[in-house]
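A.B. asks: Sequence lines, in order, name chains A and B.
All the letters of the first sequence, read from the start, carry residue numbers 5 to 271 under the working numbering.
All the letters of the second sequence, read from the start, carry residue numbers 5 to 271 under the working numbering.
Quick reminder that beta carbons are idealized off the backbone N, C-alpha and C, glycines included.
On a predicted model such as this, the values are computed, not experimentally measured, just so you know.
Have a look at the structure that comes next, please.
There are 2 protein chains.
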Amino acid sequence: MYTNIHTEPLQESSALAEAEKKISFQRALMGLRERILTGGLAMGDRVSEVALARELGVSRTPVREAMSELVEQGLLERMPTGGCMVRSLTRADVVDGIELRGTIEGLACRLAAERGAPEAGIVACEGILGRIDAALGVSEQETDFERYMELNEQFHQCVAGLSGSGVVQKELERVGAMPMAGPSAFLQGQALFPHTLRSLVVAQDHHRSILDAIRRREGARAAALAVEHARLALRNLDFFLGEGARHARRIPGISLVAGTTVQENDL
Amino acid sequence: MYTNIHTEPLQESSALAEAEKKISFQRALMGLRERILTGGLAMGDRVSEVALARELGVSRTPVREAMSELVEQGLLERMPTGGCMVRSLTRADVVDGIELRGTIEGLACRLAAERGAPEAGIVACEGILGRIDAALGVSEQETDFERYMELNEQFHQCVAGLSGSGVVQKELERVGAMPMAGPSAFLQGQALFPHTLRSLVVAQDHHRSILDAIRRREGARAAALAVEHARLALRNLDFFLGEGARHARRIPGISLVAGTTVQENDL
DNA sequence: ACGGTGATTTTTGTCGACAATTTTTCAAAG
DNA sequence: CTTTGAAAAATTGTCGACAAAAATCACCGT
């Protein structure tokens, strides 16, 4: 009856006809994000809306929205003339991102301490710590890194929740999404190296000390510990930027850091 | 020759045919922002894309982008079913926003101190302080509040620049755009009240102390001062939420705070 | 009268089209 | 061979159209 120009917008792209309720925006977001993080698009490259739209099998509109989202997350950069390019980070940018996350986590911890976080929440955090201990195991061989990552992420979120501030929580989510500032950014590649286990043990001690400070309502101590805790990531950053550069491929966004030469010698 | 469906998309709206190079997105952004801040849309109201598009004389596309932007800025809230509504803030949200800004400004100051901000930049900041002194005048009657606002904003940006960190600077811009967290959020209404001048004198003292701390490379002091400085805004917030509620109309986003009853008795 | 149910109207997400720029290409001149 | 300039191609911002979903409303049964 009616003209019906676009009956089936998802016709190609083999096997996805099933669930995929109704959001091609998510497809665009994940597709673009993956292409950036896995190096499909080199840093500085201009992102063509039409090309991506065709490759992902969606229209330009959701691609454009995905690009806006990734600009907010710091993966893309708006060009003055219009359009976006893959962001190019310096080591200093990543360092500042980590320091920023540490500072805001420090704020969350201070608020939790000063305002009196509910005991139930603190206990919940301690529960996660217990599970992290279990994931660590007793020897390095027994360590379940994937589970550690998941639990670590959970713990950081849970502590953010102790602040009782939705504003701070939201902001932490934001900075955690920045290229390599997230609390679990460098864990993927850590499974292979000797200093790893010791590093994780130190991190666990930080976790416990932070909770202790919150329970004792020692706000300044909690904040300082959070900043120091975040700085653990700096060591890993410099490792993967220096001697460990060969294995840097495992770290999601590291190809965005200027001076890295990772793309080749693959496959 | 060609069909040309939309020859002149900006035909109505009287006098704007001049500059307005090419961005109806800006029109949508400013129009929506104004309607929210001046109370044209009450908190909790759903924002209709079509209605706004028609009222502003643009298509739905730029309106939609403007809505995304304002969600990022914290003025709107996404509804789970789709679309946006005007955000409803609690006093606690605003307090946390102010604390967040203070903390990040504190980070900027600490970095500036620890990493050694260039003397030229510090001198530039001091220059702004001198101009603020001039704008303050000697008696309350001579105070030029508009100029004070402008210079205050400038000073905060300039100090953020001292950190030397684009990441921190960008984040400060972001949280400064949050509903009432900006450094000059409450200055508009301050012109009328007695405690005002003293408050501004204290603020100036903070400014000077912060610069002094940065120059002496006393990072912790600089950070603590920045947090304390931001908290000056708390007094004004409570004033306009309490006894001064009659005059709250002058404060841009205060109609978003739940429990405020300002919209009526106007005009 | 009231609560549930089905129809109608509004609203959103997505699409392709088009004009104004911006970028690239290519050729001629210095 | 480099530089300059103009033509051509590509890209972006914006628009109206449509289908699926949500919200609103009328109706009916108990």
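Residues bridged to A/Val90 by DSSP?
C.D. replies: In the DSSP output, where bridge partners are listed per residue, A/Val90 has A/Leu80.
A.B. asks: Taking 9 angstroms as the threshold (beta carbon to beta carbon), is B/Met71 in contact with chain A?
C.D. replies: No, because no Cβ of chain A sits closer than 9 angstroms to the Cβ of B/Met71.
A.B. asks: So which residues of chain B does A/Asp325 contact, with C-beta pairs closer than 7 angstroms?
C.D. replies: This structure leaves residue 325 of chain A out entirely; chain A is present only between 5 and 271.
A.B. asks: For B/Asp97 and chain A, any beta-carbon pair shorter than 9 angstroms?
C.D. replies: Answer yes: the Cβ-Cβ gap between B/Asp97 and chain A drops below 9 angstroms somewhere.
A.B. asks: What is the DSSP secondary structure of B/Thr50, counted as helix, strand or coil?
C.D. replies: According to the sequence provided, residue 50 of chain B is Arg. The question's Thr does not apply to it. Of the three classes helix, strand and coil, the one that applies to B/Arg50 here is strand, per DSSP.
A.B. asks: Exposed or buried, which one is A/Pro183 when buried takes at least 16 other CB atoms within 10 Å?
C.D. replies: With 16 or more other Cβ atoms within 10 Å, it is buried.
A.B. asks: Classify A/Gln145: buried if its beta carbon has 16 or more other beta carbons within 10 angstroms, exposed otherwise.
C.D. replies: Exposed.
A.B. asks: Alpha carbons only, please: which of B/Leu229, B/Ser203, B/Gly223, B/His199 is nearest the one belonging to B/Arg212?
C.D. replies: Closest option to B/Arg212, Cα to Cα, is B/Leu229.
A.B. asks: With which residues is A/Val4 paired in a DSSP beta bridge?
C.D. replies: Because chain A is modelled from 5 through 271, residue 4 of chain A falls outside the range shown and cannot be assessed.
A.B. asks: Measure the CB-CB distance between A/Val172 and A/Leu215 and report whether it falls below 9 angstroms.
C.D. replies: No.
A.B. asks: Beta-carbon separation of A/Pro187 and A/Glu157 under 9 angstroms?
C.D. replies: Yes; because the gap between Cβ atoms is below 9 angstroms, this pair is in contact.
A.B. asks: Can you pull the chain B neighbours of A/Thr85, defined as C-beta to C-beta under 7 angstroms?
C.D. replies: Near A/Thr85 there are no residues of chain B at all, since even the closest Cβ is about 12 angstroms away, more than 7 angstroms.
A.B. asks: Specify whether the segment 88-101 of chain A and the segment 196-210 of chain A touch according to this definition: at least 3 beta carbon pairs, one from each stretch, less than 8 angstroms apart.
C.D. replies: No: fewer than three Cβ pairs fall under 8 angstroms.
A.B. asks: On the three-state DSSP scale, how would you describe B/Arg121?
C.D. replies: Rather than Arg, the amino acid found at residue 121 of chain B in this sequence is Ala. Coil at B/Ala121, not helix or strand.
A.B. asks: Is the distance from the Cβ of B/Glu76 to the Cβ of B/Val231 below 9 angstroms?
C.D. replies: No. Outside cutoff.
A.B. asks: Quick check on the DSSP output: the alpha helix (DSSP H) that includes B/Thr85 runs from which residue to which?
C.D. replies: Counting along the chain, B/Thr85 falls outside any alpha helix (DSSP H), and DSSP gives it neither H nor E.
A.B. asks: Going by beta carbon distance, what residues of the same chain come within less than 7 angstroms of A/Ile218, once the five residues before and after it are set aside?
C.D. replies: Hits under 7 angstroms: Cys113, Ala116, Ala117, Ala121, Ile126, Leu166, Ala226.
A.B. asks: According to DSSP, is A/Met71 part of a helix, a strand, or is it coil?
C.D. replies: It is helical.
A.B. asks: Assign A/Gly86 to one of two classes, buried (16 or more other C-beta atoms within 10 Å of its C-beta) or exposed (fewer than that).
C.D. replies: Exposed is the call here.
A.B. asks: Taking a cut of 9 angstroms between CB atoms, which residues from the segment 108-119 of chain B lie near chain A?
C.D. replies: Answer in chain order: Ile108, Gly110, Leu111, Arg114, Leu115.
A.B. asks: Quick one: what does DSSP say A/Asp148 is sitting in, helix, strand or coil?
C.D. replies: Here A/Asp148 sits in coil by DSSP.
A.B. asks: Kindly indicate if chain A contains any beta-carbon less than 9 angstroms away from that of B/Met184.
C.D. replies: It does not: the Cβ of B/Met184 has no partner Cβ on chain A nearer than 9 angstroms.
A.B. asks: Taking A/Gly106 as the reference, give the member of A/Pro256, A/Leu176, A/Gly170 with the closest Cα.
C.D. replies: Measuring from the Cα of A/Gly106, the nearest candidate turns out to be A/Leu176.
A.B. asks: Over the uninterrupted alpha helix (DSSP H) stretch that includes B/Ile218, give me the two end residues.
C.D. replies: Note, B/Ile218: alpha helix (DSSP H), 200-219.
A.B. asks: Just curious, the alpha helix (DSSP H) that B/His233 is in, first and last residue?
C.D. replies: 223-234 is the extent of the alpha helix (DSSP H) around B/His233.
A.B. asks: Rounded to the nearest angstrom, what separates A/Thr65 and B/Leu79 at their Cα positions?
C.D. replies: Those two C-alpha atoms are separated by around 23 angstroms.
A.B. asks: Can you tell me where the alpha helix (DSSP H) holding B/Met182 begins and where it ends?
C.D. replies: No alpha helix (DSSP H) holds B/Met182; DSSP gives it neither H nor E.
A.B. asks: Between B/Glu150 and chain A, is there a C-beta pair that is closer than 9 angstroms?
C.D. replies: Answer no: the Cβ-Cβ gap between B/Glu150 and chain A never drops below 9 angstroms.
A.B. asks: Check whether the Cβ atoms of B/Met89 and B/Gly48 sit closer than 9 angstroms, and answer yes or no.
C.D. replies: A contact, by the Cβ cut-off of 9 angstroms.
A.B. asks: For B/Leu238, collect the residues of the same chain with a Cβ closer than 7 angstroms to its Cβ; drop the 5 residues on either side in sequence, then sort them by chain order.
C.D. replies: Once the five neighbours on either side are set aside, the close Cβ partners of B/Leu238 are Val99, Ile102.
A.B. asks: In whole angstroms, what separates the C-alpha of A/Leu236 from that of A/Val54?
C.D. replies: About 41 angstroms.
A.B. asks: Measure from the alpha carbon of B/Val179 to the alpha carbon of each residue in B/Glu59, B/Ala234, B/Glu38, then state which is nearest.
C.D. replies: Checking every option, the nearest Cα to that of B/Val179 belongs to B/Ala234.
A.B. asks: Under three-state DSSP, which class holds A/Val163?
C.D. replies: In the structure shown, A/Val163 sits in a helix (DSSP, three-state: H, G or I).
A.B. asks: Relative to the alpha-carbon of A/Leu191, which residue among A/Gly170, A/Gln208, A/Met153, A/Gln161 has its alpha-carbon at the smallest distance?
C.D. replies: When each option's Cα is compared against that of A/Leu191, the closest is A/Met153.
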